[in-house]
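Each residue of the sequence shown is one higher than the one before, counting from 43 in the numbering used here.
C-beta atoms are modelled at their ideal positions from N, C-alpha and C, and glycine is treated no differently.
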Amino acid sequence: MSPMRATSGRAVSATILQRLQHALAQGRPLTYLELAQQAGCTVRSVRNYLQHAEQLLGFDVEKKRDRGRVLVRAVLSSPSSLPPSSCFRSDASPLDSALSDRLFPPSTVNPLSCVQIAFPNLPHYAEHHARVCQAWIRHAQSRTHALRFLIPTVTSTAPLWPLGIVVHHHMGIVLIGFPCHETDPKNRWTLELIRLPNESTLWEPIEREAPDWVKALSVRDLFDSPFCFLSDQEDKTIDVHVRFDASLTERLRHCVWHSSQSVVLRTDGMLDVRFGPVSLAWAASWVSSFGASVTVLGDKKLRKTVKKRSFSV
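So, in C-alpha cells, the structure goes:
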C-alpha cells in the first residue's frame with residue numbers, strides 16, 4: 043500500500059484507521075510490518091493505534107510471539123454469542139443502553155434505569171433481528187465482503203456492499219446497502235430489518251474488496267436528516283410549507299428535518315418552515331403531531347390529508 047497524500051492530519055489518521063480495520067477484520071494474524079504496509083504508515087504508528095484498538099477500531103486485538111516476531115490478530119466476537127442488547131454497545135452510556143433495550147430484548151433488566159426511549163413507531167425486535175443487525179454492522183465496518191441474499195422475501199439477488207443502518211422514526215431499523223454494479227450513490231438499497239425471517243442463513247458472503255469510493259461512503263452522507271429518507275415504494279411526495287405558532291418557535295427554530303429546509307422567523311414571532319420533497323404520509327403524520335399549533339400553507343394534498351386525520355381522531 044503506497045503512502046497517503048491526504049492534506050490534513052485528521053484525514054490521514056481516518057484513512058490509516060480504516061485500512062487497519064479492514065486488514066484486521068479478515069481475522070488473519072499479521073505482523074506490525076504487514077499492517078504498516080497495508081495501512082500506508084510506519085510500524086511505530088501501527089503500535090500507537092493498536093494501544094487503543096477497542097476505542098479506535100471497534101474491537102480488541104491479541105498479540106503473540108511466533109519465531110521471533112509479533113503477530114497481531116483481531117478479537118472478533120461471533121454475533122450469535124453476544125446478547126441482543128449488546129448490538130449498540132449498551133455498556134457505553136445510559137443513552138445507548140436505553141436505545142438498545144427499547145429496540146431489542148434486553149439481556150438484563152435494570153429496574154433503576156434513568157433513561158427511557160419513547161419513540162412511538164419503533165418496533166421491538168426479536169433476538170434474531172439483533173444478530174442480523176450486528177452482522178450487518180460488522181460487514182459495513184470492514185467492507186471486505188459483498189453479500190447476496192438467499193431468501194425469497196428479498197427480491198434483489200445482486201451482490202451488494204453493506205453500508206450501515208438507519209434507525210428511522212417511521213420504519214424502525216433499516217439496512218442500507220449499495221449494489222456492487224451501481225456507480226451512483228443515489229441508487230442505494232434499503233430493507234426494513236423487521237422483514238427478515240428467523241433463518242440461519244440469510245445471505246452468502248462474497249470475498250471482494252470494495253473500491254475506495256465505496257469505502258468512503260457514509261450512511262450519514264446519504265441520509266443526513268429524518269425526511270431525507272424515502273422508501274423505495276414511496277410514490278406520493280410533496281413539498282412542505284407550514285407556519286408554527288410563536289409558542290413553539292424557541293423549541294423548533296433549531297430543528298433540522300430536511301437538507302433543503304429553509305426557516306424564516308417572522309416579526310410576529312411565528313416560524314415559517316419549508317422543505318421537500320418528502321413522503322405525503324410522513325409529512326401528514328409530522329404536521330398532525332403538532333395539533334392546532336401549526337398551519338399548512340403549501341400543498342393542498344397535505345392540507346386535506348391532515349384535515350382527514352384530525353376528523354378521524
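What is the residue span of the alpha helix (DSSP H) that residue i lies within?
i, result
"ILE179", "169 to 184"
"ALA116", "Premise fails: ALA116 lies in the beta strand (DSSP E), 111 to 117, not in any alpha helix (DSSP H)."
"TRP361", "Since the first residue of the chain shown is 43 and the last is 355, residue 361 is not available in this structure."
"PRO136", "136 to 145"
"LEU98", "95 to 99"
Would you mind reading off the limits of the beta strand (DSSP E) that contains residue i?
i, result
"LEU189", "187 to 191"
"TRP245", "245 to 249"
"LEU202", "202 to 210"
Would the beta-carbon of residue i fall within 8 Å of that of residue j?
i, j, result
"THR337", "VAL284", "yes"
"CYS270", "SER304", "no"
"PRO221", "LEU233", "no"
"LEU290", "SER335", "yes"
"TRP299", "PHE317", "yes"
"ILE280", "VAL315", "no"
"ILE159", "ALA140", "yes"
"TRP231", "GLY214", "no"
"LEU77", "ALA95", "no"
"ALA252", "ARG180", "no"
CB-CB under 6 Å to residue i, same chain, minus the five flanking residues each way: which ones, in chain order?
i, result
"ARG345", "VAL338"
"TYR74", "VAL85, VAL88"
"CYS83", "ILE58"
"VAL256", "TRP203"
Should residue i be flagged as near chain B, meaning a C-beta pair shorter than 8 Å?
i, result
"ARG351", "Chain labels in this structure do not include chain B; a single protein chain is all it has."
Alpha carbon to alpha carbon, how far is residue i from residue j?
i, j, result
"GLU292", "LEU322", "26 Å"
"ARG61", "PHE191", "27 Å"
"PRO165", "ILE207", "15 Å"
"PRO194", "HIS171", "17 Å"
"ARG109", "ARG115", "16 Å"
"GLU224", "TYR167", "31 Å"
"GLN97", "GLY333", "44 Å"
"LEU238", "LEU259", "25 Å"
"PHE358", "LEU92", "As shown, the chain starts at 43 and ends at 355. That puts residue 358 outside it, with no answer to give."
"ASP138", "ASN90", "28 Å"
"GLU246", "ASN240", "16 Å"
"LYS106", "PRO71", "9 Å"
"LYS343", "LEU313", "21 Å"
What is the C-beta distance between residue i and residue j, in whole angstroms, given that I count them as a contact (C-beta under 8 Å)?
i, j, result
"LEU235", "LEU217", "6 Å"
"ALA67", "GLN183", "7 Å"
Give every residue of the same chain whose Cβ lies closer than 7 Å to the Cβ of residue i, excluding the five residues on either side of it in the sequence, and list them in chain order.
i, result
"HIS211", "PHE161, ASN163, PRO268"
"VAL348", "ALA326, VAL329, SER330, VAL338"
"VAL117", "PHE101, ASP102, VAL103, GLU104"
"ARG111", "THR73"
"ARG351", "ALA326, SER330"
With a threshold of 8 Å on Cβ separation, who are the neighbours of residue i within its own chain once the five nearest residues in sequence on each side are excluded?
i, result
"ILE248", "HIS187, ALA188, LEU189, ARG190, PRO201"
"ASP263", "PRO227"
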